[in-house]
Structure formats: C-alpha cells, structure tokens
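Structure, as structure tokens:
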Amino acid sequence: MSIHDEILDRHAQGMLHHILPRARGATVRRALFVTEGLHEVLTSPEGDLDWEERTAKLQADLEVFVQAGTIAPKYLFLLYPAADAVWEIRSTTDQPSIRVLGLFADTDVFIATNFALRETLGGWRSREWKTVKRVARAEWRKLFNTYEPLKGTDVHKFVTGAASGKFFKTPPRQ
Numbered sequence: 012m013s014i015h016d017e018i019l020d021r022h023a024q025g026m027l028h029h030i031l032p033r034a035r036g037a038t039v040r041r042a043l044f045v046t047e048g049l050h051e052v053l054t055s056p057e058g059d060l061d062w063e064e065r066t067a068k069l070q071a072d073l074e075v076f077v078q079a080g081t082i083a084p085k086y087l088f089l090l091y092p093a094a095d096a097v098w099e100i101r102s103t104t105d106q107p108s109i110r111v112l113g114l115f116a117d118t119d120v121f122i123a124t125n126f127a128l129r130e131t132l133g134g135w136r137s138r139e140w141k142t143v144k145r146v147a148r149a150e151w152r153k154l155f156n157t158y159e160p161l162k163g164t165d166v167h168k169f170v171t172g173a174a175s176g177k178f179f180k181t182p183p184r185q
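Residue numbers for the sequence shown follow my numbering, beginning at 12 and rising by one.
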C-alpha cells in the first residue's frame, strides 16, 4: 500500500477528515486532512459563541491551504528541528492565535494532527512547544506507523505555490 492508500483507508475509518473549501466553485490545489480530535474541535457545537466564531475562522484558515494560489511563510512554517518534519499552520486572523501542527505525507498533502493556542506555548524552545511537537509526531505514528513523513527544508518539495521567504528557523549558533 502507498501512503495515499493509507490516507484513504484512515479517511474511510473516520480517523482522518478531508478539509474542503466551503466556497462554491473554489479550486482545490492541495489536500489537507485533520485527525478525528481536530475535526471534533472544528465541528463541535459546544463552547461559547466566541469560541464557535474562532473555530469557524480556523476552518477558513485551513481552507487557505487547500485553495490558495500562494502559500506564505507567515502562514506555513517548518518547526525546529527540521529533522522532526513538524510544520505549523498559523491561524492569526483572530484572537486567540492558533497553531495547527502536522506533517506532510507527500507534496501538497498535509496531515494536521493537533493544535495549540499560541499564548500557551511560550518561546520556540519551551517545554510546551516540545510537547505539542511530540504529540504531532505521535499522532503521525498512530496513523502511519510504517511511513515516514516528507522531510527537508526546500518548501517547494512540500507545497506548490510557495511564496519567496524563509519557511523554517535555524537555531542560533552557540
């Protein structure tokens, strides 16, 4: 089985949910799947009105990955260390700012595994960041144990339509 077959299998089992644009006539350029837990956050009727509005904006921000002609580094970013292959989609259109973490199964195929409110994460080397990155990798292993995610720092191998810019952080020299 290929990774694409595995994705379709996990989708059929309800472990992954396909994010599609809600706008009629929108062009689908890339594939984005969310885990069951993240899907529940996006579709749950629970929470106050502010949280429901925020998750609706998060859904719209995820749809950007699927349909936008250009993807910018302020939207999609490879987290340090690059060898872990964990990326974040930044949902900053409203507060609180949300980070959706995930890994690439193939070019233009993103598997969103978990999320965190940016305000709870601290600095990029904090324990909280390390924890959410570990969760992302663990979710990947639960879904695709025998498959490695796409790795590297050349954003064009991950996503078509990447804008010019730096999509990853290098550690400061010590």
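Glycine is no exception: its CB is placed at the ideal position from the N, C-alpha and C atoms.
Asked: Unbroken beta strand (DSSP E) run spanning E150, endpoints; Found: Note, E150: premise wrong, no beta strand (DSSP E); alpha helix (DSSP H) at 138-155.
Asked: Three-state secondary structure (DSSP) of D117; Found: strand
Asked: Sub-7 angstroms separation of D105 and R65 beta-carbons; Found: yes
Asked: Residue burial classification, P160 (beta-carbon count within 10 angstroms, cutoff 16); Found: buried
Asked: Beta-carbon proximity of L114 to A94, cut-off 7 angstroms; Found: no
Asked: Beta-carbon spacing of L112, V143 below 7 angstroms; Found: yes
Asked: Coil, strand or helix - E159 by DSSP; Found: coil
Asked: Rounded straight-line distance, which links the Cα of H22 to that of P107; Found: 29 angstroms
Asked: Proximal residues to Y86 (C-beta, below 7 angstroms), its chain only, five neighbours per side dropped; Found: V75, I100, R101
Asked: Through-space distance from I82 to L31, alpha-carbon basis; Found: 17 angstroms
Asked: Cβ pair I109, F44 closer than 7 angstroms; Found: no
Asked: Stretch-stretch touch, CB-based, cutoff 8 angstroms, three pairs: the stretch 150-164 with the stretch 13-27; Found: yes
Asked: Burial state of E150, where buried means 16 or more other Cβ atoms lie within 10 Å; Found: buried
Asked: Under 7 angstroms between C-beta atoms of H167 and A174; Found: no
Asked: Closest Cα partner of T103 within the set V52, A127, E47; Found: A127
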